[in-house]
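Asker:
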Amino acid sequence: MDEWRQPDTPKRPSAKKSFLLMALLLLTLLALAVYVNAWKEECRAIEVLVEGNRISSSKEILALAKVSPNARLFELDLYAIEQRVLNMEYVKSAAVHRDIPNRVRISIDERVPVAAIVLDKLYYLDAEGVVLPPARSQYIFDLPVLNGSMATATLIAGKQTTDATVREALRILSVAREVGDDVYKNISELRLDANREFMFYTSEFGIPVVLGREHIGAKLVKFEGFWNSAVVREGVDMLQYIDLRFEDQVVVRWSHKDAHS
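Numbering (the working numbering), first residue to last: 9 to 269.
1) Determine the DSSP secondary structure at W47, reduced to helix, strand or coil.
2) Inspect the beta-carbon positions of Y131 and A165 and report whether they are closer than 9 angstroms.
3) For Q168, which of L140, E222, E59 and N78 has the nearest alpha-carbon?
4) Comparing C-alpha positions only, which one of S237, L252 and L151 sits nearest to M207?
5) Do the stretch 54-72 and the stretch 111-119 touch if we need at least three Cβ pairs shorter than 8 angstroms?
6) Can you tell me the Cα-Cα spacing of V259 and V239, whole angstroms?
7) Going along the chain, which unbroken runs of the beta strand (DSSP E) with 3 or more residues stay wholly within the stretch 190-238?
8) Which first and last residues belong to the beta strand (DSSP E) in which Q248 is found?
9) Buried or exposed: where does A73 fall if 16 or more other Cβ atoms within 10 Å of its Cβ makes it buried?
10) Out of curiosity, what's the CA-to-CA distance linking P109 and A79?
11) DSSP has G156 in a bridge; who is on the other side?
12) In chain order, what residues of the same chain have a beta carbon less than 6 angstroms from the beta carbon of V229, not counting five sequence neighbours either side?
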């Protein structure tokens, strides 16, 4: 008959061995922390890179950022740098990052002017209606000018305009850009006439185009098709005015005849 034997129980590590393992782990972590801190001390802001800016000068952005030469990379207050850069009128948003081991990168998203307006001086407006001062930039703006009653609007640089007519004009320009860049670029001046109707003058030959205030997208699509076909065929120098207010037709006057297209 086989003799019954109690199974062997696994031996537990001794308390001394566990203590040694724990001490070794702590020493390893401590050494790693010392190494990381020493490595961070060596990370310096040797270079500051500005990207995404086309209107605002990198020199002005760097001056506002105030990143000290050779500053410790991990001691920089990135949020404070962002807030300083946001003080520039043409900066819509900014993001500051550490590029290890020795660079700070400032990414800029700029406000882009879509229209100009002349009051006491020249101002620009972006698509959101934020008023922008004249830019000290090599970038040259070729923008539609807002005129007529809009030239009496109260605008404050850096603030979003609350003038309803100006905001409506900006929506018209936004629709023009959606229809096509060529349509937007063909608007030299946008104004509200004496009858409270929107009209614009073309960039080429300054042809007056009566637009009205409703169904702007459809009218501009109609204008684009007419301009690219009939005007190209007949010649823009023969054209006197265009009226887009009528449904399914373009009313025009040529120098030698009246016509409905």
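Ideal placement from N, C-alpha and C gives every residue a C-beta, glycine not left out.
Answerer: So, to answer that:
1) Unreliable placement is indicated for W47, whose pLDDT of 46 sits below 50; no coordinate value is reported for it.
2) yes
3) L140
4) L252
5) yes
6) 13 angstroms
7) 195-200, 206-210 and 216-218
8) L247 to D251
9) buried
10) 12 angstroms
11) L200
12) V187
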